[in-house]
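K.L.:
Numbered according to the working numbering, the sequence shown spans residues 598 to 672. Could you have a look at this structure, given as structure tokens, before my questions?
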Amino acid sequence: MSTEIICPKCSSPYVYQDQNLYICPECAHEYSIDAEQASSSEKVYKDAHGTQLFDGDDVIVIKDLKVKGASNPIK
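See below:
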């Protein structure tokens, strides 16, 4: 038996496979098997509470971070 597949849109565990597509019956989201394999190799960045961060999100740095090659730390 393969590993459990979870819908990336609604996190439903009831995803099923139909030919080369994964289909979620709860939110009607359809995505290809190739897209699922490609997305699993992408890095996911999360904050301290486990919320996924995306490009353009604002964050607050509470500690000076030293960056290699930079003259000043991030404040």
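Glycine is no exception: its CB is placed at the ideal position from the N, C-alpha and C atoms. Only a predicted model underlies this, so the values are computations on that prediction, with no experimental measurement involved.
Tell me which residue opens and which closes the beta strand (DSSP E) that E627 is part of.
P.N.:
Here the beta strand (DSSP E) through E627 covers 627-629.
K.L.:
Who pairs with I602 in a beta bridge, going by DSSP?
P.N.:
Per DSSP, none; premise fails for I602.
K.L.:
Quick check: what's the CA-CA separation for Q614 versus H646?
P.N.:
Using only the alpha carbons, I get a separation of about 32 Å.
K.L.:
Roughly how many angstroms lie between the CA atoms of T648 and T600, to the nearest whole one?
P.N.:
Each residue's alpha carbon lies about 24 Å from the other.
K.L.:
The beta strand (DSSP E) spanning I659 covers which residue range?
P.N.:
Note, I659: premise wrong, no beta strand (DSSP E); not H, not E.
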